[in-house]
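Residue numbers (the working numbering): 1 to 519.
Just so you know, even glycine gets a beta-carbon here, dropped at the ideal spot from N, CA and C.
Here the structure is a predicted model, which means the values were calculated and not measured.
Structure below.
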């Protein structure tokens, strides 16, 4: 049986020395090191980091398909990079980093006495519901178990490696809270770790039960407004509850503000927004995540931890990461559209630190860093070929598909239009009539074309698309959902009267579908 002995009862006086040191830096600088609307910037050398090593991080980010990379040391921004076609002014879906925000709201309720204890039984908050499979084990689930992903509820999410069956069913459920509460028990609470976004959504429901507000509204009041973050987009379930495990969109600099709150022990300026013992629980995470893709990961209070590196972080699907490195007094932020090696990034960031004090200026290395950052923000055209005769034959023709993992219902290439664009319908249970219509301009010259959505509140609304013929019958579409951290490629192969699409499903497996024959 896994021991879940996370102690959050330490007094502030018992915080680890490295966290006290980080707090002392803020005390010594007064309130100057807490960002206002204009967050102070510095060269890496000003804050004891090597520009050449930081430049290698930026290059590494390009190879790892990052959308952004930012570093804050001693309260100043030393790196702020955006990789084209993503831009600084766009919010980014942080996916499961949402969980860390949801968990932090539990911490504010503890601090304010709204929640009496994280050992409070979960079913107490839902006495107004008929709960299926209610047994002694389910009645023993506490808020702590939800926070630490040890509820024992039967769940199949895969943690990036499986089919995410439960998550798919959750998205289709008319009542998300009911779906989660009704799940049978697979283990006794506290027995083992299993990643479960349903746990986080129950936390959001508990926040609404106790505050009378959505998690989003409560976060605006208790976290975002004090941190100087404008009210962000946060998706909701069918009952209007903020999605507790995903669905929040933040700009990278706002992600850094949230991380800086944790770096400073829950303090922001002269306010203690989070209790110090909550931060201590995160930094001493003892729940073994038992992961094979990154051995040694631990978990606590909706945060991941690398104990050997003394690093903790919020982690979202496809490397939406807020990494806190207290020993180095650093917050690092990454957004991306692919997975990334978190341990390597942590080691490389620490490796760029050479001193706690300023280093001698290095004009050549800093100039190269600036050039690499500028280059990252400029899109590089990909190769294109002359369009074949097939292009005119398929332009304007609509192809229809049966429902599949790729979700296409129809697709139409308008390659002869001015400007060229693609329209497609996807099966979507959350949309009216179960179908979502999308339309995007497409670049045929090796450069993305970006649509101009009326709102960012709709998922997948901000898109960049380009396409190229690879042979006489094959057209490849490269599509980035810029605010979602999703990049997908569709290989469209044309027969006499059908189209075959090959693309990757969310779990990374290639799926091929063929359109219905035209009548």
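Per DSSP, the continuous alpha helix (DSSP H) segment holding residue 278 begins and ends at 276-283.
Straight through space, the alpha carbons of residue 344 and residue 334 are spaced by roughly 13 Å.
A Cβ-Cβ contact shorter than 8 Å links residue 465 with residue 442.
In this structure, DSSP gives residue 109 a helical state, which the three-state scheme calls helix. Non-local C-beta neighbours of residue 412 in its own chain, meaning closer than 6 Å and more than five positions away in sequence, comprise 398 and 423, ordered along the chain. Closest by C-alpha distance to residue 202, out of 191, 353 and 214, is 214. Under the three-state reduction of DSSP output, residue 424 falls in the strand class. In the three-state reduction of the DSSP assignment, residue 515 falls in the coil class, being assigned neither a helical nor a strand state. Residue 117 counts as exposed, since fewer than 16 other beta carbons sit within 10 angstroms of its beta carbon. The alpha-carbon of residue 403 is positioned some 52 Å away from that of residue 42. Residue 219 sits away from residue 331, with the two beta carbons spaced by 8 Å or more. Cβ-Cβ distances below 8 Å link residue 85 to 379, 448, 450, 464, 480 and 482 in the same chain, with the five nearest sequence neighbours on each side left out; the list follows chain order. Around the beta carbon of residue 95, a 10 Å sphere encloses 16 or more other beta carbons of the protein chains shown; the residue is thus reported as buried.
In this model, residue 376 and residue 81 are separated by some 7 Å (Cα to Cα).
Residue 324 and residue 208 have their C-alpha atoms spaced approximately 28 Å apart. Residue state for residue 487 is assigned as strand, using DSSP reduced to three classes. In the DSSP assignment, residue 76 falls within the beta strand (DSSP E) that extends over 76-82.
Your pair residue 249 and residue 453 does not check out as a contact, with CB atoms roughly 13 Å apart and the cut at 8 Å.
The three-state secondary structure of residue 255, taken from DSSP, is helix.
Residue 320 is classed as buried because its beta carbon has at least 16 other beta carbons within 10 Å across all chains shown.
Looking from the CA of residue 183, the closest CA among 190, 352, 192 and 196 belongs to 196. In the three-state scheme derived from DSSP, where H, G and I count as helix and E and B as strand, residue 327 is classed as helix. Taking a C-beta distance under 8 Å as the contact criterion, residue 473 and residue 503 do not qualify as a contact pair.
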